[in-house]
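Student: To start, I am sharing the structure in question, which I have written as structure tokens.
Residue numbers (my numbering): 27 to 357.
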């Protein structure tokens, strides 16, 4: 699946560039065409939107509030308060799910009363919560709740929910960055053999990814703190399907009868996973000195054997001599 997805990333990038190119051509041809933009309520320019929406919600719930709002202004506040209460934007998702809620509100001279808006929201909030809870979807999160109020008093609230896992990255922020960075280390047309260039390439890449520190002063040095080992049975990946990466759904390489070739998509996966695990071991003033891999080990599993290796992370404490002390470069 990851190989298909990585291929999709490349195709999507190419399609995006093509679309941008076509869009630029279209813009140049129609540069003199007057395009009328849809009017939109201008949201308040505040530094703390959380505080603003919290205060508005409290004002909306105040008894005897006779304040009125234009329809676009009321719709924006209705949507924003709902997103303040229920919104949960995440990057890891595969699909969108849409739901729509319908209401009515009293409209007088193109305006709605804030107290009526509060009564509507009280009902809508309960409906949003129950609608979301009743969705039988994995990894579900409310991405956005929209609201539109028409002149006849009809109110439409749309709920956009993200769900499923398209992929999950550990060290990298997204699959595009993972692919763009790691293809500088690994060749897609290169065959990586378990007993030859796979462990060499993996260790080399891990050392480069995790060995660089943000700030290193002159004459800094490491003292070794410990050597940590990563055992496959201690690190299960909750985001992959059963047996999708290997037999144990482990973030560490382990398999039954794996053959002698490491698939390219799995090479990227293990690099991403190991780098994150290694960085997660670090404390204050610690850094990764280097990585190493054990020889392949084989444990009995029924009538066959599983094959795995053990990554070792050599962790050191970074020390820097003070000015005037031996070893400090005072130049």
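Even for Gly, the Cβ is constructed at its ideal location relative to N, Cα and C.
Here the structure is a predicted model, which is why all the values come from computation and not from measurement.
Quick check on residue 109: buried or exposed, where buried means 16 or more other Cβ atoms within 10 Å of its Cβ?
Tutor: Counted from its first residue, the chain shown places residue 109 at position 83. With at least 16 other beta carbons inside 10 angstroms of its own, residue 109 counts as buried.
Student: State the DSSP-derived secondary structure class of residue 312, mapped to helix, strand or coil.
Tutor: As a position in the chain shown, residue 312 is number 286, starting the count at 1. In the structure shown, residue 312 sits in a strand (DSSP, three-state: E or B).
Student: Cα-Cα, which of 218, 223, 310 is closest to residue 289?
Tutor: In the chain shown, counting from the first residue as 1, residue 289 sits at position 263. Nearest of 218, 223, 310 to residue 289, Cα basis: 218.
Student: Hey, could you find the ends of the beta strand (DSSP E) residue 122 is sitting in?
Tutor: The residue given as residue 122 occupies position 96 in the chain shown. Looking at the DSSP string, the run of the beta strand (DSSP E) that includes residue 122 is 121-130.
Student: Kindly indicate the opening and closing residues of the beta strand (DSSP E) around residue 183.
Tutor: Walking along the chain shown from the start, residue 183 turns up at place 157. From DSSP, the beta strand (DSSP E) with residue 183 extends over 180-189.
Student: Exposed or buried, residue 313, counting other C-beta atoms within 10 Å across all chains shown (16 or more means buried)?
Tutor: Taking the first residue of the chain shown as 1, we reach residue 313 at position 287. With 16 or more other Cβ atoms within 10 Å, it is buried.
Student: Start and end of the beta strand (DSSP E) containing residue 337?
Tutor: Taking the first residue of the chain shown as position 1, residue 337 is located at position 311. It spans 337-345 - the beta strand (DSSP E) in which residue 337 sits, taken as one unbroken run.
Student: Pull up the DSSP beta-bridge partners for residue 287, would you.
Tutor: Residue numbering aside, residue 287 sits at position 261 when the chain shown is read from its first letter. DSSP, once it has assigned bridges, lists 219 as partnering residue 287.
Student: Provide the residue(s) that pair with residue 259 in DSSP beta bridges, ordered along the chain.
Tutor: Locating residue 259 in the chain shown gives position 233, counting from the first residue. Partner(s): none; residue 259 has no beta bridge.
Student: Relative to the C-alpha of residue 95, which candidate in 202, 144, 320 has its C-alpha closest?
Tutor: Stepping through the chain shown from its first residue, residue 95 is reached at position 69. The closest CA to that of residue 95, considering only 202, 144, 320, is found on 144.
Student: So what does DSSP say about residue 319, is it helix, strand or coil?
Tutor: Mapped onto the chain shown, residue 319 falls at position 293. Of the three classes helix, strand and coil, the one that applies to residue 319 here is strand, per DSSP.
Student: Might you give, ordered along the chain, the residues of its own chain that have their beta carbon closer than 8 Å to the beta carbon of residue 327, omitting 5 neighbours on each side?
Tutor: Counted from its first residue, the chain shown places residue 327 at position 301. Counting only Cβ-Cβ distances below 8 Å, and skipping sequence neighbours, we find 282.
Student: I'd like to know whether the C-beta atoms of residue 176 and residue 128 end up nearer to each other than 9 Å.
Tutor: Within the chain shown, numbered from 1, the residue matching residue 176 stands at position 150. Within the chain shown, numbered from 1, the residue matching residue 128 stands at position 102. Their beta carbons are not under 9 Å apart, which means residue 176 does not touch residue 128 by this criterion.
Student: Out of 334, 76, 81, 104, which one is the CA nearest neighbour of residue 67?
Tutor: Within the chain shown, numbered from 1, the residue matching residue 67 stands at position 41. Of 334, 76, 81, 104, the residue nearest in Cα terms is 104.
Student: Kindly indicate which three-state DSSP category residue 212 falls into: helix, strand or coil?
Tutor: Your numbering for residue 212 matches position 186 in the chain shown. In the structure shown, residue 212 sits in coil (DSSP, three-state: anything other than H, G, I, E or B).
Student: Whole angstroms is fine: what's the gap from residue 77's alpha carbon to residue 165's?
Tutor: Position 51 of the chain shown holds residue 77. Position 139 of the chain shown holds residue 165. Between the alpha carbons of residue 77 and residue 165 lies a distance of about 28 Å.
Student: Going by DSSP, what residue range makes up the alpha helix (DSSP H) through residue 91?
Tutor: By 1-based counting over the chain shown, the position of residue 91 is 65. That residue, residue 91, is in no alpha helix (DSSP H); it is neither H nor E in DSSP.
Student: Let me know if residue 304 comes out buried or exposed under the rule of 16 or more other beta-carbons within 10 Å of its beta-carbon.
Tutor: Within the chain shown, the letter at position 278 stands for residue 304. The residue is buried, with at least 16 neighbouring Cβ atoms inside 10 Å.
Student: Are at least three pairs of beta-carbons, each pair with one atom in the segment 326-346 and one in the segment 293-309, less than 8 Å apart?
Tutor: Yes: at least three Cβ pairs fall under 8 Å.
Student: Just the C-alpha distance for residue 133 and residue 152, rounded to the nearest angstrom, thanks.
Tutor: The residue labelled residue 133 in the question sits at position 107 within the chain shown. The residue labelled residue 152 in the question sits at position 126 within the chain shown. Going by C-alpha positions, residue 133 is about 23 Å away from residue 152.
Student: Provide the residue(s) that pair with residue 359 in DSSP beta bridges, ordered along the chain.
Tutor: The structure shown does not extend to residue 359, since the chain is modelled only from 27 through 357, so no value can be given for it.
Student: So what's residue 152 in DSSP terms, helix, strand or just coil?
Tutor: Residue mapping note: residue 152 aligns to position 126 of the chain shown, counting from 1. In this structure, residue 152 counts as helix in the three-state DSSP scheme.
Student: Is it the case that the Cβ atoms of residue 97 and residue 149 are separated by a distance below 9 Å?
Tutor: Along the chain shown, one-based indexing puts residue 97 at 71. Along the chain shown, one-based indexing puts residue 149 at 123. Not closer than 9 Å, so no.
Student: According to DSSP, is residue 252 part of a helix, a strand, or is it coil?
Tutor: As a working note, residue 252 is residue 226 in the chain shown. The answer is strand: DSSP assigns residue 252 an E or B state.
Student: When you compare only the Cα positions, how much space is there between residue 335 and residue 275?
Tutor: Here residue 335 refers to the residue found at position 309 of the chain shown. Here residue 275 refers to the residue found at position 249 of the chain shown. Cα-Cα distance, rounded: 15 Å.
Student: Do residue 246 and residue 344 have their beta-carbon atoms positioned less than 9 Å apart in this structure?
Tutor: Position 318 of the chain shown holds residue 344. Position 220 of the chain shown holds residue 246. The answer is yes: Cβ separation under 9 Å.
Student: Do the CB positions of residue 234 and residue 212 come within less than 9 Å of each other?
Tutor: Residue mapping note: residue 234 aligns to position 208 of the chain shown, counting from 1. Residue mapping note: residue 212 aligns to position 186 of the chain shown, counting from 1. Contact flag unset, no.
Student: Taking DSSP's pairing of strands, which residues face residue 302 in a bridge?
Tutor: Working through the chain shown from its first residue, we reach residue 302 at position 276. Note: residue 302 sits in no beta bridge, so no partner.
Student: For the beta strand (DSSP E) that residue 273 lies in, which residues bound it at each end?
Tutor: On the chain shown, residue 273 is found 247 positions in, with the first residue counted as 1. Unbroken run through residue 273: none, as it is neither H nor E.
Student: Less than 7 Å between C-beta atoms, sequence neighbours within five positions excluded: which residues of the same chain meet that for residue 130?
Tutor: For the purposes of this step, residue 130 is taken as the residue at position 104 of the chain shown. Only 179, 180, 181 meet the Cβ criterion.
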